[in-house]
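Below you'll find the structure, written out as structure tokens, and then a few comments.
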Amino acid sequence: MYTPPRKKILAIVLALVMVLSLSSVAFAADDELIKVGIINNDPNESGYRTANDAAMRATFTEENGYDATFYNNNDAAQQIATAQQMIQDEVDFLLLSPGSTTGWDTVLEDAAAAGTQIILFDRMLEADESAYVAAVVSDMAAEGETAVTWLEEQELDEYNIIHIQGHMGSDAQLGRTGALDEKVEAEDNWNYVTQQTADWNEETARTIVQSVIDSGEEFNVIYAENNGMARGAVAALDANGITHGKDGDVIVIGFDSDKWAMESVLNGEWNYMGLCNPMQAEKVDQIIKDLMEGVEPEEKIIYSDEPGFDCETITEEDVETFGT
Amino acid sequence: MKEKRSDESFFRRLTRHQLFIPVAALLALVLFNLIADPSFFSISLKENSLGNPVLSGNIISVLDNASELVLLAIGMTLVTASSGGQDISVGATMAIAGSVILRLVCGGQVSADTMQAPLFLAVLAGIVVTMAFGAFNGALVAYFKIQPMVATLIMFTAGRSIAAWINNNQLPFINDVAFKYAGTFLPGIPVPTPVFITLFMILVFWLVLKFTNLGLYTQAVGINANSSRLNGLDPKKIKLLTYVILGACVAIAGFIRVSRSGSINYSRIAENIEMDAILAVALGGNSLGGGKFNVYGSILGAYVIQFLTTTLYKYNVPSTALPAYKAVVVILLVVLSAPVVREKLSRMKKSSAKAAKEVA
Numbered sequence: 240m241y242t243p244p245r246k247k248i249l250a251i252v253l254a255l256v257m258v259l260s261l262s263s264v265a266f267a268a269d270d271e272l273i274k275v276g277i278i279n280n281d282p283n284e285s286g287y288r289t290a291n292d293a294a295m296r297a298t299f300t301e302e303n304g305y306d307a308t309f310y311n312n313n314d315a316a317q318q319i320a321t322a323q324q325m326i327q328d329e330v331d332f333l334l335l336s337p338g339s340t341t342g343w344d345t346v347l348e349d350a351a352a353a354g355t356q357i358i359l360f361d362r363m364l365e366a367d368e369s370a371y372v373a374a375v376v377s378d379m380a381a382e383g384e385t386a387v388t389w390l391e392e393q394e395l396d397e398y399n400i401i402h403i404q405g406h407m408g409s410d411a412q413l414g415r416t417g418a419l420d421e422k423v424e425a426e427d428n429w430n431y432v433t434q435q436t437a438d439w440n441e442e443t444a445r446t447i448v449q450s451v452i453d454s455g456e457e458f459n460v461i462y463a464e465n466n467g468m469a470r471g472a473v474a475a476l477d478a479n480g481i482t483h484g485k486d487g488d489v490i491v492i493g494f495d496s497d498k499w500a501m502e503s504v505l506n507g508e509w510n511y512m513g514l515c516n517p518m519q520a521e522k523v524d525q526i527i528k529d530l531m532e533g534v535e536p537e538e539k540i541i542y543s544d545e546p547g548f549d550c551e552t553i554t555e556e557d558v559e560t561f562g563t
Numbered sequence: 009m010k011e012k013r014s015d016e017s018f019f020r021r022l023t024r025h026q027l028f029i030p031v032a033a034l035l036a037l038v039l040f041n042l043i044a045d046p047s048f049f050s051i052s053l054k055e056n057s058l059g060n061p062v063l064s065g066n067i068i069s070v071l072d073n074a075s076e077l078v079l080l081a082i083g084m085t086l087v088t089a090s091s092g093g094q095d096i097s098v099g100a101t102m103a104i105a106g107s108v109i110l111r112l113v114c115g116g117q118v119s120a121d122t123m124q125a126p127l128f129l130a131v132l133a134g135i136v137v138t139m140a141f142g143a144f145n146g147a148l149v150a151y152f153k154i155q156p157m158v159a160t161l162i163m164f165t166a167g168r169s170i171a172a173w174i175n176n177n178q179l180p181f182i183n184d185v186a187f188k189y190a191g192t193f194l195p196g197i198p199v200p201t202p203v204f205i206t207l208f209m210i211l212v213f214w215l216v217l218k219f220t221n222l223g224l225y226t227q228a229v230g231i232n233a234n235s236s237r238l239n240g241l242d243p244k245k246i247k248l249l250t251y252v253i254l255g256a257c258v259a260i261a262g263f264i265r266v267s268r269s270g271s272i273n274y275s276r277i278a279e280n281i282e283m284d285a286i287l288a289v290a291l292g293g294n295s296l297g298g299g300k301f302n303v304y305g306s307i308l309g310a311y312v313i314q315f316l317t318t319t320l321y322k323y324n325v326p327s328t329a330l331p332a333y334k335a336v337v338v339i340l341l342v343v344l345s346a347p348v349v350r351e352k353l354s355r356m357k358k359s360s361a362k363a364a365k366e367v368a
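Protein chains in written order, with the working numbering: chain A, 240 to 563; chain B, 9 to 368.
What follows is the structure, given as structure tokens:
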């Protein structure tokens, strides 16, 4: 009977391991590359995040002078653990899109102690400005305010709102909820029919809206904090024959940058989409290159330009320019 | 006095019946809603945006939204019975099935306005793929004797990434009305299509369990794999078979889920549904340690869970708090079915019967 020469196999495996580890040492020794750790949210969470993650990966490549490590998770606790690992691995820059705005203090301290520079992209966290060198972010509160101002301009007699929130505690949720909460608090004719989180989940959003319809409550506004959830809500409206969008009974509001959502606004199925620009990669790249040459960014927090799109005024050009 | 005795034994037989817990839970929910707000049960005939007649109301929503869970509960019952463990990868493999189906109907594009492949073929492909993943899980459990929860942890972890990889990390979207028939309404039929698909599958399982030995063999393997082997059964093959069957159930559940909206979100689709499926099996009075099983109990359990969810939504309970309420149900269930408690309860009954006797 043939028995495999175990020792031989073991020897080959060991040899392979040695060669591989040697070659990785050779890579690390190449100090031309800027070492960056990139912590982002789950790319499958939404079309916005898919675009955002793809842009980061396309920008921070070896050809572009980077040795980048990527990590994707929506769970801030996991992100924090990985961030600490990356700081120990002595990355030059830590690029961060925090899953929640709080809980980052130890990471910031460790980074300061290790001399790792932090650049926030897409989302803010609660910390003193000195904790990071730059932030290329969406102004979520401004996005919410733009949307609420637009909603106010529609001059409805009464606003009965189904408010579908995103992942609780995320910058996007806090900003977009904040503006609406304030308005509903201040005005007598603005009411919540329901305020629920669907955790960015389209299916949960559909269930929430269907449940409101089933209980026979009246509503005329759906304020969904991202496009996927707005689509889920619209599915429930369609299933019950409730008209929506331009000249419809219910105003539909979504957020982010998905092309299909902008098309829905363009053809009048939805009323409004608040843009959240996912393309921060190029700007972050520029900031790092400048910093390497000793040029500090002029402003610490750089907000992306984020208009809202209304079904009356949106153009095909907008869809082409901003849709992802 | 004699009558009293038979009364008591009737009560005991009732509480001992396997379907007692799910039926009692269902009745409790129905009663609660009847008292709190009878309009919960109102159903109205409307017209959807395509001009088709549709029924709408909480009860319809329960029947509709429970569909995926019911299908999973059926498969999960068989897997539990044969292998004495649960498949925790069903949510992730549902994402895989949905991803395969969408990839085919979208023709590999990010979005499509008409189906690029026959729907039948796409669904068939989804079924074949998840059955293969089911076979993978089943092989680990049956042939490598890995604990089911550990074996299926592999797909639980990797499944959603595989689903994303199938579509090149894009989130495909199909806008074809015909694709959404299975998840919404067929033209002219006011009852949601998932309800029919589920009824059809229940019928199929009823026939299979009635006219084949699947049920008997599964139970035999689950109760004692060794003695069933000595009696000429192949426990490995039967365990494998139950996982493959669950794979088929998963594919159909995944198909219903993606055809509700024509889109998929890999990390969110059917999130935590495995826990609900296991809960349904437990609610149905099935032992999670395998052996004897009652598939109808699990089906009923699935509807109870959806009924609970819909009720909580109606009363505006935050959706993040739903798992907490389900946890309460689980705790009650587990405690009530624990042997220690059961023994105490029956002893309490006996002594109260004795006391009644003495008084008489």
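Backbone N, C-alpha and C define an ideal beta-carbon position, used for all residues, glycine too.
Taking the CA atoms as reference points, residue 223(B) sits about 14 angstroms from residue 245(B). Annotation: the continuous beta strand (DSSP E) that includes residue 376(A) extends over 373-376.
Residue pairing of residue 493(A) in beta bridges, as defined by DSSP: 512(A). From the listed residues 304(A), 393(A), 509(A), 520(A), the smallest Cα separation to residue 463(A) is found for 509(A).
Look at residue 299(A) here: in three-state DSSP terms it is coil, with no helix or strand label. In the structure shown, the three-state DSSP call for residue 246(B) is helix. For residue 470(A), the nearest CB of chain B lies under 9 angstroms from its own CB, placing it at the interface with that chain.
Minimum Cα-Cα distance from residue 320(A) among the listed residues 423(A), 378(A), 350(A) corresponds to 350(A). Between residue 330(B) and residue 308(B), the gap from beta carbon to beta carbon reaches 9 angstroms or more. If you check each beta-carbon in the region 319-347 of chain A against every beta-carbon of chain B, none falls closer than 7 angstroms. With respect to the 9 angstroms criterion, residue 459(A) and residue 488(A) are classified as neighbours on the basis of their beta carbons.
For residue 358(A), the enclosing beta strand (DSSP E) covers residues 356-361.
The alpha-carbon of residue 465(A) is positioned some 11 angstroms away from that of residue 383(A). DSSP places residue 53(B) inside the beta strand (DSSP E), whose first and last residues are 52-55.
Judged by their CB atoms, residue 219(B) and residue 86(B) are not nearer to each other than the 9 angstroms cut-off. For a Cβ distance threshold of 8 angstroms, nothing in chain A lies close to residue 187(B): the least Cβ distance comes to about 13 angstroms. A straight line joining the alpha-carbon of residue 342(B) with that of residue 36(B) spans about 18 angstroms. DSSP places residue 185(B) outside any alpha helix (DSSP H), giving it a letter other than H or E.
Contacts between residue 439(A) and chain B, judged by CB atoms closer than 7 angstroms, involve 276 in chain order. Under a criterion of Cβ atoms nearer than 7 angstroms, the residues of chain B adjacent to residue 435(A) are, in order, 326, 327. A Cβ-Cβ contact shorter than 9 angstroms links residue 79(B) with residue 264(B). Residue environment: residue 483(A) is assigned as buried (16 or more neighbouring CB atoms within 10 Å of its CB, all protein chains considered).
By alpha-carbon distance to residue 280(B), the top candidate from 519(A), 442(A), 518(A), 361(A) is 442(A). Residue 49(B) sits in a helix when the DSSP states are folded into three classes.
If you keep only unbroken alpha helix (DSSP H) runs of at least 4 residues inside the region 230-312 of chain B, you get 233-238, 243-269, 281-291. CA-CA distance, residue 97(B) to residue 164(B), rounds to 4 angstroms. For residue 414(A), there is no enclosing beta strand (DSSP E); the enclosing alpha helix (DSSP H) covers residues 410-425.
Just so you know, the alpha carbons of residue 329(A) and residue 517(A) end up roughly 27 angstroms apart. The Cβ of residue 415(A) sits no closer than 9 angstroms to any Cβ of chain B. Residue 178(B) and residue 252(B) do not touch by the CB rule: their CB atoms are close to 29 angstroms apart, not below 8 angstroms.
For residue 525(A), the enclosing alpha helix (DSSP H) stretches over residues 520-531. The three-state secondary structure of residue 539(A), taken from DSSP, is coil. The alpha-carbon separation between residue 155(B) and residue 29(B) amounts to approximately 28 angstroms. By the rule that beta-carbons nearer than 9 angstroms mark a contact, residue 73(B) touches chain A. At a cut-off of 9 angstroms between beta carbons, residue 334(B) makes no contact with chain A. Judged by their CB atoms, residue 299(A) and residue 524(A) are nearer to each other than the 9 angstroms cut-off.
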